[in-house]
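Asks: Sharing a structure here in C-alpha cells format.
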Amino acid sequence: MTGVWSRRAFLSAAGAGALRAGAPADRADARGVGDVHGAMREAWRSLVLGTGFSEAAEPFRSRLAELGQEAGRWAAAMAPAPGALWPDLGFASDPEPMVRSFQRLRTMAEAHVRPGTGLTGDGALLASVLAGLEELQAQVYHAGREPYGNWWCWRIGAPQALLDVCVLLDGELSQARRDGVCAAVDHFVPDSSVAVYGGTSTGANRVDLCRVLAVRGAVGSDAAKVALARDALGPVFPYVTAGDGLHRDGSFVQHGAVAYTGTYGAVFLEGLGLLFALLKGTPWQVVDPARQNVFDAVERGWAPFLFNGLVMDAVSGRAVSRGLAASDARQVQQDDHSRGHAVLAAVLLLAEGAGAAERARWRALVKGWAARSRHSPPLADRTLGLSALARLAELEADPSAAPLPEPVGHRLFPSMDRATHRRPGWAASLSMASRRIAHYETGNGENLRGWHTGSGMLCWWGSSYGNDQYADAFWPTVDPYRLPGVTVARKALADGAGGAWGAARPDTAWVGGSCDGEFASVGQHLRGLGSTLEARKSWFFLDDAIVCLGAGIRASDGVPVESVVDCRNLGADGAHALTVGGRVQPSDPGWSAEFRSPGWAHLAGSGGYVLQGPGPFRALREGRTGRWSEVNRGGSTAALTRRYLTLWYDHGEDPVDAGYAYQLLPGATAARTAARAATPGWPAVLANSAAAQGVAVGPLGFTGVNFWRAGAAGPLAASAPCSVTVRRRRDGTAGVYVADPARAVGELVLVWDRPVAAVLSGPQALVSARTGARLRLVFGDLSATAGVSHEVVVRLR
Numbered sequence: 009m010t011g012v013w014s015r016r017a018f019l020s021a022a023g024a025g026a027l028r029a030g031a032p033a034d035r036a037d038a039r040g041v042g043d044v045h046g047a048m049r050e051a052w053r054s055l056v057l058g059t060g061f062s063e064a065a066e067p068f069r070s071r072l073a074e075l076g077q078e079a080g081r082w083a084a085a086m087a088p089a090p091g092a093l094w095p096d097l098g099f100a101s102d103p104e105p106m107v108r109s110f111q112r113l114r115t116m117a118e119a120h121v122r123p124g125t126g127l128t129g130d131g132a133l134l135a136s137v138l139a140g141l142e143e144l145q146a147q148v149y150h151a152g153r154e155p156y157g158n159w160w161c162w163r164i165g166a167p168q169a170l171l172d173v174c175v176l177l178d179g180e181l182s183q184a185r186r187d188g189v190c191a192a193v194d195h196f197v198p199d200s201s202v203a204v205y206g207g208t209s210t211g212a213n214r215v216d217l218c219r220v221l222a223v224r225g226a227v228g229s230d231a232a233k234v235a236l237a238r239d240a241l242g243p244v245f246p247y248v249t250a251g252d253g254l255h256r257d258g259s260f261v262q263h264g265a266v267a268y269t270g271t272y273g274a275v276f277l278e279g280l281g282l283l284f285a286l287l288k289g290t291p292w293q294v295v296d297p298a299r300q301n302v303f304d305a306v307e308r309g310w311a312p313f314l315f316n317g318l319v320m321d322a323v324s325g326r327a328v329s330r331g332l333a334a335s336d337a338r339q340v341q342q343d344d345h346s347r348g349h350a351v352l353a354a355v356l357l358l359a360e361g362a363g364a365a366e367r368a369r370w371r372a373l374v375k376g377w378a379a380r381s382r383h384s385p386p387l388a389d390r391t392l393g394l395s396a397l398a399r400l401a402e403l404e405a406d407p408s409a410a411p412l413p414e415p416v417g418h419r420l421f422p423s424m425d426r427a428t429h430r431r432p433g434w435a436a437s438l439s440m441a442s443r444r445i446a447h448y449e450t451g452n453g454e455n456l457r458g459w460h461t462g463s464g465m466l467c468w469w470g471s472s473y474g475n476d477q478y479a480d481a482f483w484p485t486v487d488p489y490r491l492p493g494v495t496v497a498r499k500a501l502a503d504g505a506g507g508a509w510g511a512a513r514p515d516t517a518w519v520g521g522s523c524d525g526e527f528a529s530v531g532q533h534l535r536g537l538g539s540t541l542e543a544r545k546s547w548f549f550l551d552d553a554i555v556c557l558g559a560g561i562r563a564s565d566g567v568p569v570e571s572v573v574d575c576r577n578l579g580a581d582g583a584h585a586l587t588v589g590g591r592v593q594p595s596d597p598g599w600s601a602e603f604r605s606p607g608w609a610h611l612a613g614s615g616g617y618v619l620q621g622p623g624p625f626r627a628l629r630e631g632r633t634g635r636w637s638e639v640n641r642g643g644s645t646a647a648l649t650r651r652y653l654t655l656w657y658d659h660g661e662d663p664v665d666a667g668y669a670y671q672l673l674p675g676a677t678a679a680r681t682a683a684r685a686a687t688p689g690w691p692a693v694l695a696n697s698a699a700a701q702g703v704a705v706g707p708l709g710f711t712g713v714n715f716w717r718a719g720a721a722g723p724l725a726a727s728a729p730c731s732v733t734v735r736r737r738r739d740g741t742a743g744v745y746v747a748d749p750a751r752a753v754g755e756l757v758l759v760w761d762r763p764v765a766a767v768l769s770g771p772q773a774l775v776s777a778r779t780g781a782r783l784r785l786v787f788g789d790l791s792a793t794a795g796v797s798h799e800v801v802v803r804l805r
C-alpha cells in the first residue's frame with residue numbers, strides 16, 4: 009500500500025487464504041479464551057497484509073520494492089517540529105495532514121514487516137516509526153485534545169492508520185505506548201459515537217467507526233469494545249426508507265442525498281467483509297440474519313454499475329474529481345477503473361462470509377469483470393493495496409472459477425435517481441436529481457464543477473470500445489456545461505455552486521420510471537441548478553437504442569439553453585471520423601457546423617445518432633485543456649488536453665417551449681444508423697409535451713409513456729401522473745408496468761385501448777380490473793411504494 013491515500017481511498021484489504029482458514033471456534037480453542045484478542049490481532053495482521061502470494065512473483069515483487077523505496081523516503085524526510093512530523097504536512101490548523109502523517113507511518117511499518125521490501129526488519133526504520141508515533145501522540149492525537157476541522161480525520165482516518173500500525177508492530181510496542189493509543193482512540197471515538205444511528209454515524213461511516221472500535225478492542229484486549237463494535241453494526245443491515253444506507257431497490261446513499269454505490273459503497277462492502285472475517289470464530293461473531301440484505305445487494309445494487317471492471321461514475325459522487333493528486337509523486341491516477349477494482353476486491357472479501365452458492369457466483373462474476381478490464385487490468389492497478397491484489401491474483405489463478413459474462417437487463421434505482429441499461433455489447437447509466445437526490449456533491453474542495461451531473465447525464469460504454477471514455481482525463485477537460493445527455497442553461501456558475509455535501513437539490517419530485525427488467529420508460533422533471541431552467545426529459549431504453557425526448561424546455565436567464573445529444577472524449581489525438589447524412593465531416597480541431605433535422609450522424613469507434621428534431625442540431629470538434637486542480641483543489645496542476653466531439657440542440661436564449669427527439673445507437677455502424685433513420689415509425693412518437701412523453705415500437709411490442717399530468721398518449725390514458733411501460737409477449741400475454749415516480753398518487757385509473765381477455769396476475773396495489781374491448785386498471789394509493797414498478801400480466805384477445 010504505497011503513496012498518499014485520499015480519505016476515502018484508505019482501504020485495508022484481506023488475503024483470501026487468511027479468510028478461509030479455520031472453523032468458527034479455532035481462535036478461542038487454539039490460544040484459549042483469555043487470549044482471543046491476541047488471535048484477533050494476528051487475524052487483523054493477515055487481513056491487512058494479505059496471504060497466499062509469492063513475494064518474488066509479479067506484480068508483488070515490484071510493488072514490494074516500491075513500498076520499501078517509499079518508506080525509505082518517508083523515513084529520510086521525517087523532521088519533527090512543532091505542528092508537523094514532516095515539513096510538508098503541517099497539522100496545526102488542518103487535521104488532514106495529521107491523517108496523512110499516520111498513513112506514512114503505516115507505510116513505514118508495513119515495509120518493516122513485509123518480506124521483499126528491502127527494509128524488512130530494518131532497525132532504523134522501526135525506530136523512526138516508533139519515534140513518529142510518540143511525536144504525533146504527544147503533539148496532537150492524545151486524550152484530552154480538542155478536535156478541530158474535519159471530524160472524519162479524528163474518528164476514522166487517524167485511528168484506522170494508527171491502530172493498523174499497532175497491530176503490525178504488535179510485539180514492538182511497550183505497554184505504555186499501547187495504553188496511550190487506546191486512551192487516545194477512546195477520547196476521539198467514544199462509545200457515544202455509535203450510540204445513535206444518525207448524523208455522521210450511518211452507512212459506510214458507521215462501518216468505519218465499528219472497524220475502529222473492533223480493532224481498538226483487539227489492541228487493548230477489551231472485550232466490551234469488541235462487543236460494542238459488533239452490536240453497533242446492527243443498524244446498517246436493515247433497509248432504510250430515506251437517506252443514508254442500503255435501500256430495498258438496491259440503492260446505496262451517503263451524505264443524505266448522494267448516490268454512492270461506487271465509493272462509499274466500496275468502503276461499506278469492504279469494511280463489512282473485514283469485520284466479518286475479524287470476528288469469525290470469536291465470541292462476537294456476526295450472526296445477525298439481516299446481514300443477508302447486504303449479500304443480496306451485491307447483485308441487486310452493485311453488479312448493475314460494474315462493467316468491464318469499472319464502476320460507473322454516476323454513483324461515485326465527488327470522487328470522480330480525484331484523478332491525480334498534486335502530492336502523488338508516483339503519478340498514479342484514480343478513475344472509474346481503479347474504483348471498480350476496489351469494488352471487485354471488496355466483493356471477493358465479502359464473499360468469504362457469504363454462503364457457498366453466493367461465494368461461487370460472485371467469484372465467477374468478479375473473474376469475468378477482471379478478465380474484461382483490458383483497458384486497465386486489475387493486477388496492474390497501483391492504487392490497490394497488496395492484499396487486494398492478492399485476492400484478485402488468487403482468483404485469476406483459480407481454475408474452478410469460470411468467468412461469467414456481463415449481466416444483461418435494465419435496473420431502476422428510484423431511491424437514488426439512477427438507472428442502468430445493459431445490453432449484449434454495451435451498457436449505459438443515467439444520472440438524475442430530485443428533492444431526494446442532489447444534482448452533484450462537492451466538499452473538501454472536491455468536484456467543484458460537477459454542477460450538471462444530475463441534469464440527465466447519460467454515459468455509455470461498449471464491450472470492446474470506449475472503456476477509457478470517462479477515465480482518460482474526462483472530468484478536468486470536459487466542458488462542464490456539456491456533459492453527455494444533459495439539458496442546461498449556460499449560466500456561469502461559481503465553483504461549488506449550490507452548496508456542499510449534496511445540498512444542491514431541485515424542488516422536483518417526478519423523477520424515475522417504469523420497467524420490466526429488460527426495457528424501461530424513465531423520466532425527469534428537471535429544474536436547473538442556479539438557473540430558471542425547467543424541462544421534461546424522457547428516455548426509453550430498448551434493445552439496441554435509447555430514445556431520448558425533451559419537452560417544455562423553458563428559461564429566462566438571458567443565456568443559451570442546450571440539450572446535449574452526446575459529448576465523446578476522443579483522447580489526445582481525436583482521430584475519429586464523423587459522418588453526417590452520408591458525408592464525412594472535417595476533422596480539424598475547432599470545426600463546427602449546423603445540420604438540419606431530421607438527419608443522422610455516426611462517430612467512428614462509438615456509434616450512431618438519429619436526430620429527429622425539432623430544429624437543427626449542431627456539431628463541434630474541440631481540443632480542451634484543463635487541470636485536475638481546477639475541479640479538485642488537491643489535484644495535480646499539470647495541464648492536460650483532450651479532443652471532444654459534441655452534438656447538441658441549441659434552444660436559443662430564453663426558450664419558452666422547446667423540445668428535442670433523438671436516438672442513441674451504441675456501437676452501430678454508419679449503415680445501420682442510416683437504415684434506422686430511414687425506417688418509418690421506429691419509433692412512433694406518441695407524445696412529446698409537458699403533459700406526456702411516449703413512444704411505441706411495434707417490432708419490440710413496446711409502448712412506454714411518462715405522464716406528467718393526467719391525460720392520454722396513443723393507446724394509453726392515465727388519471728394521474730405516472731410512468732407506464734407495456735410489453736407484448738410472443739405467448740399471447742402482455743405485461744403492464746406502472747410506477748408513481750413522484751410518490752404522490754392516491755388513486756390511479758389506467759386505460760389501455762387494447763382488447764384483453766383476462767388479468768392473470770397483479771400487485772397488491774391493484775384494486776380492480778376490467779377486461780374486454782379495452783383494459784381498465786384501478787390502483788390504490790401508490791405514494792408509499794417508493795417509486796417501484798407494479799406488474800400486471802394479462803392475456804390478450
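Residue numbers for the sequence shown follow my numbering, so the first one is 9 and each next one is one higher.
All C-beta atoms, glycine included, are put in the ideal place defined by N, C-alpha and C.
If you follow the beta strand (DSSP E) that Ala856 is part of, which residue opens it and which one closes it?
Replies: Because the chain in this structure spans residues 9 to 805, residue 856 falls outside the shown range and cannot be described.
Asks: Look at the alpha carbon of Glu66 and the alpha carbon of Ser381, and state the distance between them as a whole number of angstroms.
Replies: 18 Å
Asks: So, is Gln300 buried or exposed, given that buried needs 16 or more other C-beta atoms within 10 angstroms?
Replies: exposed
Asks: Please go through the same chain and pick out, in chain order, the residues whose beta-carbon is closer than 7 Å to the beta-carbon of Ala401, but skip the five residues on each side of it.
Replies: Sequence-distant Cβ neighbours of Ala401 in its own chain, meaning closer than 7 Å and more than five residues away, are Phe61, Leu387.
Asks: Go ahead and pull the three-state DSSP assignment for Glu154.
Replies: coil
Asks: Do the stretch 490 to 504 and the stretch 460 to 474 meet, that is, are 3 or more Cβ pairs less than 8 Å apart?
Replies: yes
Asks: Would you kindly work out how many angstroms separate the C-alpha atoms of Pro691 and Glu366, rounded to a whole number?
Replies: 40 Å
Asks: Report the three-state DSSP secondary structure of Tyr268 (helix, strand or coil).
Replies: coil
Asks: Pull up the CB-CB distance for Ala792 and Pro422, whole angstroms please, since I reckon it's below 8 Å.
Replies: Actually they are not in contact, since the Cβ atoms of Ala792 and Pro422 sit about 13 Å apart, beyond 8 Å.
Asks: Give every residue of the same chain whose Cβ lies closer than 6 Å to the Cβ of Arg498, excluding the five residues on either side of it in the sequence, and list them in chain order.
Replies: Tyr489, Val567, Pro568
Asks: Gly317: buried (16+ other C-beta within 10 angstroms of its C-beta) or exposed?
Replies: Counting Cβ neighbours within 10 Å, Gly317 comes out buried, since at least 16 surround it.
Asks: Please report how far the alpha carbon of Ala139 lies from the alpha carbon of Phe99, in whole angstroms.
Replies: 17 Å
Asks: Evaluate contact between the stretch 746 to 753 and the stretch 725 to 732, counting only Cβ atoms and requiring at least three cross-stretch pairs below 8 Å.
Replies: yes
Asks: At a cut of 8 Å, does the stretch 272 to 284 reach the stretch 292 to 308 through at least three beta carbon pairs?
Replies: yes
Asks: Under three-state DSSP, which class holds Ala682?
Replies: In this structure, Ala682 counts as helix in the three-state DSSP scheme.
Asks: With Lys288 as the anchor, note down where its beta strand (DSSP E) starts and where it stops.
Replies: Run containing Lys288: none; DSSP gives neither H nor E here.
Asks: Tell me, please, which residues DSSP counts as bridged to Leu466.
Replies: Leu438
Asks: Taking its Cβ as the centre, do 16 or more other Cβ atoms sit within 10 Å of Leu768, making it buried, or is it exposed?
Replies: exposed
Asks: Kindly indicate the opening and closing residues of the beta strand (DSSP E) around Ala427.
Replies: 426 to 431 is the span of the beta strand (DSSP E), which, as asked, contains Ala427.
Asks: Give me the Cα-Cα distance between Val744 and Ala250, rounded to the nearest whole angstrom.
Replies: 27 Å
Asks: Using three-state DSSP, classify Lys499 as helix, strand or coil.
Replies: coil
Asks: Within a Cβ cutoff of 6 Å, which residues of the same chain sit near Ala169, ignoring the five residues on either side of it in sequence?
Replies: Same-chain partners within the cutoff: Phe110, Gln111, Arg114.
Asks: Is the stretch 499 to 506 close to the stretch 701 to 719, with three or more CB pairs under 8 Å?
Replies: Short answer: they don't touch.
Asks: In three-state terms, what does DSSP make of Arg35?
Replies: Note on Arg35: pLDDT 44, under 50, position unreliable in the model; no value is reported.
Asks: Please state whether DSSP places Trp160 in a helix, a strand or coil.
Replies: helix
Asks: Just to confirm my understanding: we take Val41, look at its own chain, exclude 5 residues before and 5 after, and list those with CB closer than 7 Å. What are they?
Replies: Because the pLDDT at Val41 is just 45, under 50, the model does not fix this residue reliably, and the point stays unresolved.
Asks: What residue from Val588, Arg778, Val664, Phe196 has the CA that sits closest to Ala609's CA?
Replies: Val588
Asks: Give me whichever residues DSSP pairs with Pro568 in a beta bridge.
Replies: Glu661
Asks: Put His533 into one of helix, strand or coil per three-state DSSP.
Replies: strand
Asks: For Val802 and Ala553, what's the separation of their Cα atoms in angstroms?
Replies: Taking the CA atoms as reference points, Val802 sits about 27 Å from Ala553.
Asks: If I follow the unbroken beta strand (DSSP E) through Arg626, where does it start and stop?
Replies: 625 to 634
Asks: What do you get for Pro32, buried or exposed, if any count of 16 or more other CB atoms within 10 angstroms of its CB means buried?
Replies: Low confidence applies here, because Pro32 scores a pLDDT of 35, under 50, leaving its location unreliable; read the following figure in that light. When all chains shown are included, Pro32 counts as exposed.
Asks: In whole angstroms, give me the CA-to-CA distance for Trp94 and Ala627.
Replies: 51 Å
Asks: Could I get the ranges of all uninterrupted alpha helix (DSSP H) runs contained in the stretch 381 to 415, with 4 residues as the minimum, in chain order?
Replies: 394 to 404
Asks: Figure out for me which residue from Ser600, His263, Pro688 has the closest Cα to the Cα of Ala446.
Replies: His263
Asks: Is Gly242 helix, strand or coil by DSSP?
Replies: helix
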